[in-house]
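Numbering (this note's numbering), first residue to last: 688 to 831.
Every residue gets a Cβ at the ideal spot worked out from N, C-alpha and C, and that includes glycine.
Everything numeric in this text was worked out from a predicted model, so none of it was measured.
Accompanying notes for the structure given below.
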Amino acid sequence: MDEANKIKEEQTDVGLTTATVAGVGARPDVRAVAASSFGGGSSAGAATAPAIDEQAAPLFSPEEAKDFRARWDAIQVSFVDDPRRVVEQADSLVALTMKRLAEIFAAERAKLEGQLDRGDNVSTEDLRLALRRYRSFFGRLLSV
688 MDEANKIKEE QTDVGLTTAT VAGVGARPDV RAVAASSFGG GSSAGAATAP AIDEQAAPLF
748 SPEEAKDFRA RWDAIQVSFV DDPRRVVEQA DSLVALTMKR LAEIFAAERA KLEGQLDRGD
808 NVSTEDLRLA LRRYRSFFGR LLSV
């Protein structure tokens, strides 16, 4: 992707949040900052990469992960009988899983914002843990 298109895409996504991806009401006064405004370019990635020894935080509860895997297994075993339908079902399950993941992150963000709105002191430790979870997920997204 050339640099002009990359900048245009970043500017388009300025208001994009996990809440908007999940399809839940997003606060209009919350604004994201385009990655290009951090002034780092591609060299900034090294500073944000998760530590090698850091354990990846689970994205779903064990029960929810088990349910998604069981649904995948059920879809996959039907491939020989109806490949086209199975690919459509796989797409639907992947979309549902991505939506659920966005909902989980949106809920986490809403919880932190709710604490801030009530005037509660959100500890730096709470914010650090939230950022660590985002970093862990972001690192996994880039490694796919």
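Is the CB-CB distance between F824 and L746 below 8 Å? yes
Can L799 and D778 be called in contact, C-beta distance under 8 Å? no
Whole-angstrom distance between Q802 and V809, CA atom to CA atom: 6 Å
How many angstroms separate the CA atom of D754 from the CA atom of Q776? 15 Å
Give the DSSP-derived three-state secondary structure of P770 in the structure shown. helix
Measure the alpha-carbon distance for K786 versus R815 and round it to whole angstroms. 24 Å
Whole-number beta carbon distance between L788 and R758, since they are thought to touch under 8 Å: The Cβ separation is near 15 Å, so there is no contact.
Pick helix, strand or coil for D807, following the three-state DSSP scheme. coil
Going by C-alpha distance, which of S830, R827 and F792 is nearest A706? F792
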